[in-house]
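One structure below.
Numbering (my numbering), first residue to last: 93 to 283.
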């Protein structure tokens, strides 16, 4: 005889975020299974990571300034709202739902936008690496005039999960000095 314990009970008992993610995966309840459980903050500091936070989700592409009842955090003038709970209730109300991450150890909540910053050596112009970037499933969104050796990218599919899962492949391109996902966090005012 096997004892089946509801995943909600296990999640309530454990404060360990990795255990909570593991319990969700075992139970098959992870609606963000395509997203990595952790993402490095930038390729020059691989020990600095964002870890997925269980029990939070972000709703993207909301009307700017629209009320977000129950939101724990609102970003980009309301275009992104972060909620506690199960995202199943939000399906169909937004174009994009993403998990929420936290900069370890115990940093602020962070929401991935799907944009990725890539910086090459200063002798390599980002526009010359377009074919290699495209071959990895990304597209160039913008090359800043002040930094022609860098670019903002997004997954060619527009999928935020794909943008996050391909970071190591981008960092392995010849001449790359840094790769970092864009993560939005709540702005804290100075005291």
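Cβ coordinates follow ideal geometry from the N, Cα and C atoms, glycine included.
Using only the alpha-carbon positions, how far apart do residue i and residue j sit?
i           : j           : result
residue 238 : residue 178 : 42 Å
residue 265 : residue 134 : 15 Å
residue 270 : residue 230 : 16 Å
residue 145 : residue 276 : 15 Å
residue 243 : residue 167 : 23 Å
residue 234 : residue 159 : 31 Å
residue 142 : residue 196 : 6 Å
residue 216 : residue 267 : 7 Å
residue 213 : residue 241 : 7 Å
residue 99  : residue 122 : Caution applies to residue 99, whose pLDDT of 47 falls short of 50 and renders its modelled position unreliable; the value that the coordinates give is listed next. Distance between the alpha carbons of residue 99 and residue 122 is about 11 Å.
residue 102 : residue 149 : The predicted model places residue 102 with a pLDDT of 45, which falls under 50 and marks its position as unreliable; any figure quoted below should be read in that light. If you take the alpha carbons of residue 102 and residue 149, they lie about 20 Å apart.
residue 125 : residue 138 : 22 Å
residue 260 : residue 198 : 24 Å
residue 278 : residue 201 : 8 Å
residue 153 : residue 249 : 17 Å
residue 162 : residue 188 : 18 Å
residue 151 : residue 192 : 10 Å
residue 165 : residue 272 : 23 Å
residue 274 : residue 210 : 11 Å
residue 175 : residue 227 : 35 Å
residue 157 : residue 172 : 10 Å
Let me make sure I understand the geometry here. Which of the options has the alpha-carbon closest to that of residue i?
i           : options            : result
residue 255 : 204, 222, 158, 151 : 204
residue 218 : 131, 164, 262      : 262
residue 132 : 172, 163, 208      : 208
residue 127 : 257, 274, 272, 280 : 257
residue 170 : 164, 155, 176      : 155
Name, in chain order, the residues that DSSP records as bridge partners for residue i.
i           : result
residue 129 : Per DSSP, none; premise fails for residue 129.
residue 212 : 268
residue 195 : 142
residue 174 : 150, 165
Here's a check: name, in chain order, each residue in its chain whose Cβ is nearer than 8 Å to the Cβ of residue i, leaving out the five neighbours to either side.
i           : result
residue 232 : 218, 219, 222, 225, 243, 244, 245
residue 136 : 269, 270
With a CB to CB cut of under 6 Å and the five nearest residues on each side skipped, what residues in its chain are close to residue i?
i           : result
residue 252 : 190, 204, 206
residue 130 : 141, 143
CB-CB under 7 Å to residue i, same chain, minus the five flanking residues each way: which ones, in chain order?
i           : result
residue 113 : Residue placement at residue 113 cannot be trusted, given a pLDDT of 49 that sits under 50; what the coordinates show is reported in the next sentence. Only 129, 144, 146 meet the Cβ criterion.
Mind listing, in chain order, the continuous alpha helix (DSSP H) runs of no fewer than 4 residues lying wholly within the region 198-262? Whole alpha helix (DSSP H) segments, 4+ residues: 222-227, 252-257.
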